[in-house]
Amino acid sequence: MAVYRRSGRHRFVLVLLVLTSITAITLDFRDGGEGALETLRTGGREAFAPIQGAAEGLFSPVGNFFGGVFRYRQVQDDNARLRAEVDQARQESVRAVDAERERELLTRLANLDFVPDLRDIPARVVANAPSNFQRTVTLDRGSKADVAVGMPVVTNAGLVGRVVDVSEQRSTVLLVTDPSSRIGVRLVGSRDIGALTGAGPRDLMPLDLINIDTTVSEGEAVVSSGLDQGILPAQIPVGKVRSARVPEGALAQEVLIEPFVDFRRLELVRILVWTPTPAP
Amino acid sequence: MTSSSRFRVPLVLITCLLLHTTVLADIRIRDVMPDLMLLVAVAAGITGGPDRGARIGFASGMALDLFLSGPLGLSALVFTLVGYGMGAAHTGVLRPSWYLRSLAAMLGSAAGVVLYAIAGTMLGEPLVSLRLVPVVVIVALANAVMAPVVVRVVGWSLAGDVPDRLTGSIRV
Numbered sequence: 044m045a046v047y048r049r050s051g052r053h054r055f056v057l058v059l060l061v062l063t064s065i066t067a068i069t070l071d072f073r074d075g076g077e078g079a080l081e082t083l084r085t086g087g088r089e090a091f092a093p094i095q096g097a098a099e100g101l102f103s104p105v106g107n108f109f110g111g112v113f114r115y116r117q118v119q120d121d122n123a124r125l126r127a128e129v130d131q132a133r134q135e136s137v138r139a140v141d142a143e144r145e146r147e148l149l150t151r152l153a154n155l156d157f158v159p160d161l162r163d164i165p166a167r168v169v170a171n172a173p174s175n176f177q178r179t180v181t182l183d184r185g186s187k188a189d190v191a192v193g194m195p196v197v198t199n200a201g202l203v204g205r206v207v208d209v210s211e212q213r214s215t216v217l218l219v220t221d222p223s224s225r226i227g228v229r230l231v232g233s234r235d236i237g238a239l240t241g242a243g244p245r246d247l248m249p250l251d252l253i254n255i256d257t258t259v260s261e262g263e264a265v266v267s268s269g270l271d272q273g274i275l276p277a278q279i280p281v282g283k284v285r286s287a288r289v290p291e292g293a294l295a296q297e298v299l300i301e302p303f304v305d306f307r308r309l310e311l312v313r314i315l316v317w318t319p320t321p322a323p
Numbered sequence: 006m007t008s009s010s011r012f013r014v015p016l017v018l019i020t021c022l023l024l025h026t027t028v029l030a031d032i033r034i035r036d037v038m039p040d041l042m043l044l045v046a047v048a049a050g051i052t053g054g055p056d057r058g059a060r061i062g063f064a065s066g067m068a069l070d071l072f073l074s075g076p077l078g079l080s081a082l083v084f085t086l087v088g089y090g091m092g093a094a095h096t097g098v099l100r101p102s103w104y105l106r107s108l109a110a111m112l113g114s115a116a117g118v119v120l121y122a123i124a125g126t127m128l129g130e131p132l133v134s135l136r137l138v139p140v141v142v143i144v145a146l147a148n149a150v151m152a153p154v155v156v157r158v159v160g161w162s163l164a165g166d167v168p169d170r171l172t173g174s175i176r177v
């Protein structure tokens with residue numbers, strides 16, 4: 044009998060905690076990231092940020108060491124790639140003037156002006172998402188530096204993602220490789236428009252809705268379309284086509300995109316001061 | 006909870022949260038990091054039984070949720086169930102050996118990751134995919150390696166709090 048009473052108490056605690064969790068999830072969904080729970084979340088992060096910053100400085104050599112051990116092969120590959128790039132750069136410096144002229148011409152042709160009129164806020168990546176499912180990074184700039192939710196984040200290579208969370212000192216960026224990320228893009232060559240979905244850290248991103256009649260060439264650049272209800276400004280380079288094929292009986296092509304940005308080495312980024320246009 | 010565990014449990018949770026969000030977030034094998042906060046829930050179940058497993062699982066999950074951009078409470082829900090489940094599974098095991106603890110941590114962590122992915126998918130986050138397989142395997146193995154230390158630390162934080170399995174039906 045006593046055992047039953049004990050089990051009953053355990054079950055009561057379990058049910059209470061499960062119901063509390065479900066209530067928190069429901070409230071979080073209902074408030075859409077603006078209610079009391081979001082204040083709690085932001086406050087918790089804000090309060091923890093100084094300790095986290097100190098710990099980051101303290102533990103980063105440990106993390107770098109183990110990171111290097113587990114990525115030894117990758118480090119070797121990077122070393123080889125960098126040596127090859129140095130050799131290539133030496134050769135290319137001879138042709139630099141012609142190349143620069145050609146680049147300017149191509150940029151004009153493709154109209155890749157890369158949002159020159161927008162003010163930007165430089166920021167540093169201070170943390171990766173402590174999760175195996177979310178692809179986010181934390182930046183060292185927040186609302187105090189005029190960062191707001193929805194602002195695009197870029198590097199010189201192209202689009203990194205969008206700000207999804209802001210506290211006073213920090214902001215969280217949802218990377219374009221996150222499976223929940225979906226943005227409107229345009230193929231530079233054909234000007235065809237499609238939807239690009241994140242596919243995790245290691246996979247190429249599928250580009251949907253590309254017409255089967257469209258000629259898609261490998262290496263063709265993809266830029267933000269600016270049409271997806273104003274979520275992103277137009278013309279931000281996103282990636283290049285790695286493969287394109289038309290499956291039998293399909294209504295759209297299967298196009299895979301490789302991002303321009305190397306997400307494993309994100310360090311310094313720029314937050315574009317851009318206010319998304321709300322949906323009508 | 007005794008007065009010493011009231012002090013020690015938050016200390017262990019904050020330290021683990023710091024390690025999880027800083028050093029472990031950078032140690033990735035095939036882009037998968039060990040899940041220390043999930044392991045804390047598992048360890049609480051192993052050392053403290055279902056009641057403490059659920060409570061500490063809830064606390065560790067809620068603390069982690071503050072640092073994620075997903076639904077607040079999802080990790081808390083999953084870790085509560087995992088902590089309770091591990092405690093219930095360990096009821097009656099008086100002194101589990103280190104390899105039994107590691108094995109339990111491995112299975113509990115794998116179950117936790119799968120449960121999180123399923124719950125997340127039900128809430129509209131596309132988490133169930135082929136990538137789930139390496140995530141489950143790597144988290145389970147990494148947590149099994151860390152388990153002997155983490156179980157000991159969590160056990161220390163609960164010291165003075167007599168585990169349910171030792172009290173049995175006497176302490177009700």
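Residue numbers (the working numbering), protein chains in the order written: chain R, 44 to 323; chain Y, 6 to 177.
C-beta atoms are modelled at their ideal positions from N, C-alpha and C, and glycine is treated no differently.
Remember, it's a predicted structure, so these values are computed and weren't measured experimentally.
For residue 254 (chain R) and residue 136 (chain Y), the gap between their C-alpha atoms comes out near 29 Å. By the neighbour-count criterion, in which 16 or more other beta carbons inside 10 Å mark a residue as buried, residue 19 (chain Y) falls on the exposed side.
Residue contact check for residue 193 (chain R) against chain Y: no CB pair falls below 8 Å. Here residue 12 (chain Y) is exposed. Its C-beta has fewer than 16 other C-beta atoms within 10 Å. Just measuring C-alpha positions, the residue of R:224, R:308, R:238 sitting nearest residue 230 (chain R) is R:238. Against chain R, a Cβ distance below 8 Å from residue 63 (chain Y) picks out 60, 63, 64. Annotation: the continuous beta strand (DSSP E) that includes residue 171 (chain R) extends over 163-171. Three or more Cβ pairs closer than 8 Å define a contact, and the region 71-81 of chain Y falls short of that threshold against the region 103-112 of chain Y.
In terms of beta-carbon proximity, residue 55 (chain Y) lines the interface with chain R, with at least one pair separated by less than 8 Å.
Within chain R, no C-beta atom comes nearer than 8 Å to that of residue 157 (chain Y); the closest sits roughly 20 Å away. In this structure, DSSP gives residue 35 (chain Y) a state outside helix and strand, which the three-state scheme calls coil.
A straight line joining the alpha-carbon of residue 263 (chain R) with that of residue 284 (chain R) spans about 5 Å. For the region 100-114 of chain Y, the set of residues with a beta-carbon nearer than 7 Å to any beta-carbon of chain R is empty. Beta-bridge partners of residue 226 (chain R) (DSSP): R:239. Taking 8 Å as the cut-off, the Cβ atoms of residue 85 (chain R) and residue 210 (chain R) count as close.
Residue 40 (chain Y) and residue 308 (chain R) have their alpha carbons spaced roughly 22 Å apart. Put simply, the region 27-45 of chain Y touches the region 162-177 of chain R. At least three CB pairs are less than 8 Å apart.
Excluding the 5 residues flanking it on each side, residue 140 (chain Y) has same chain C-beta neighbours closer than 7 Å at 37, 118, in chain order. The C-beta of residue 199 (chain R) has fewer than 16 other C-beta atoms within 10 Å across all chains shown, which makes the residue exposed. Ranking R:98, R:293, R:167, R:57 by CA distance to the CA of residue 313 (chain R) puts R:167 first.
With a threshold of 8 Å between beta carbons, residue 91 (chain Y) makes no contact with chain R. Chain-ordered, the chain R residues with CB closer than 7 Å to the CB of residue 136 (chain Y) read 243.
Inter-residue distance for residue 281 (chain R) and residue 288 (chain R) is about 20 Å (C-alpha atoms, whole angstroms).
Exposure of residue 55 (chain R) is indicated by the presence of fewer than 16 other C-beta atoms within 10 angstroms of its C-beta. If you draw a straight line from the Cα of residue 267 (chain R) to the Cα of residue 226 (chain R), it comes to about 7 Å.
In this structure, residue 57 (chain Y) lies away from residue 48 (chain Y), with their beta-carbon atoms at least 8 Å apart. In the three-state DSSP reduction, residue 42 (chain Y) falls in the helix class (H, G or I).
Straight across, the Cα-Cα distance linking residue 53 (chain Y) with residue 57 (chain R) is about 14 Å. The criterion of a C-beta distance shorter than 8 Å is not satisfied by residue 257 (chain R) and residue 249 (chain R). In the assembly as shown, residue 228 (chain R) is a buried residue. Its beta-carbon has 16 or more other beta-carbons within 10 Å. By the C-beta density criterion, residue 270 (chain R) is exposed, having fewer than 16 other C-beta atoms within 10 angstroms.
About 10 Å separates the CB atoms of residue 300 (chain R) and residue 259 (chain R); that is not less than 8 Å, and the two are not in contact.
Chain R places no beta carbon closer than 8 Å to that of residue 87 (chain Y), leaving this residue out of the contacts. Residue 317 (chain R) is positioned such that its CB atom lies no closer than 8 Å to that of residue 165 (chain R). Taking the Cβ atoms as the reference, residue 111 (chain Y) lies roughly 4 Å from residue 149 (chain Y), within the contact range of under 8 Å. The beta carbons of residue 216 (chain R) and residue 180 (chain R) sit about 5 Å from each other, so the pair counts as a contact at 8 Å.
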